[in-house]
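Down below is the structure, laid out as structure tokens.
In full-length UniProt numbering, the protein residues as written are 1 to 225.
Have a look at this one:
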């Protein structure tokens with residue numbers, strides 16, 4: 001969604017929970033479609049890792065469709081809420097960890113970086129992309145998603161809704177354009193273009209596929225083969 005330090009310090013825990021309690025039907029559809037796309041591509045046998053998992057919203061949704069799922073988030077508050085949120089989901093776990101300092105010894109079949117996490121966690125360097133791919137088993141996949149340009153109108157509506165709830169600052173409508181959301185309190189969220197996704201795919205050194213889903217998300221799927 002946006003800037004990693006902003007989320008760690010301001011839009012975390014209960015506030016993040018409220019951000020997803022949207023009253024905008026098209027945004028609800030987008031959130032559901034993004035999860036459904038991943039769910040439809042799981043067989044039930046995978047070990048899954050989600051980067052930037054927040055309080056575990058997606059972790060909980062996908063837990064019934066994989067062998068196990070771990071979510072990491074930089075915010076201790078999010079993880080604390082997430083442990084409560086996931087307490088009745090035995091194959092799901094959430095922990096505090098920075099995507100720029102990954103310490104897993106194990107490897108995963110699938111790694112997820114959804115909800116515009118490329119922007120929020122600033123995953124752009126070839127070193128970090130390669131580090132993420134190091135944690136994937138041979139034959140595994142990494143999913144990155146960003147927003148479709150067709151969803152811009154609803155994305156702005158959603159951020160206005162969050163601002164009204166006091167979850168983030170008022171939007172700077174003069175500067176909010178061309179896929180970039182800017183709030184008057186310093187928050188900034190970008191969108192990765194098709195060219196950006198292609199560059200990341202090329203940097204990975206592996207086969208990749210780019211697919212639009214629901215005219216709201218664009219997925220980059222990297223296949224570690």
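Idealized CB from N, CA, C, for every residue including glycine.
- Message: I want to see whether chain C comes within less than 7 Å of residue 164, judged by CB atoms only; does it?
- Response: Note that chain C does not occur in the displayed structure, where there is just one protein chain.
- Quick check: the region 110 to 125 against the region 81 to 94, are there 3 or more CB pairs under 8 Å? The region 81 to 94 and the region 110 to 125 do not touch, with fewer than three beta-carbon pairs separated by less than 8 Å.
- Which residues in the same chain have their Cβ closer than 6 Å to the Cβ of residue 98, if we skip the five residues on either side of it in sequence? If you ignore the 5 residues before and after residue 98, its C-beta comes within less than 6 Å of the C-beta of 74, all in its own chain and listed in chain order.
- Those runs of the alpha helix (DSSP H) which lie wholly inside the region 118 to 180 and span at least 4 residues: Every alpha helix (DSSP H) stretch that sits fully inside the region 118 to 180 and reaches 4 residues is listed by chain position as 126 to 134, 152 to 164.
- Item | Endpoints, the beta strand (DSSP E) within which residue 106 is located | Secondary structure note for residue 106: it is in no beta strand (DSSP E), with a DSSP letter that is neither H nor E.
- Flag this pair as yes or no: are the beta carbons of residue 36 and residue 67 separated by less than 7 Å? It is not a contact, given that the beta carbons lie outside the stated cut-off.
- Message: Looking at residue 183: is its Cβ nearer than 7 Å to the Cβ of residue 173?
- Response: Between residue 183 and residue 173, the gap from beta carbon to beta carbon reaches 7 Å or more.
- Task: Kindly identify the DSSP beta-bridge partner or partners of residue 200.
- Result: According to DSSP, residue 200 bridges with nothing at all.
- Query: For residue 60, which option in 222, 151, 91 has the closest C-alpha, if you only look at C-alpha atoms?
  - Reply: Looking only at 222, 151, 91, the smallest Cα-Cα distance to residue 60 is reached by 91.
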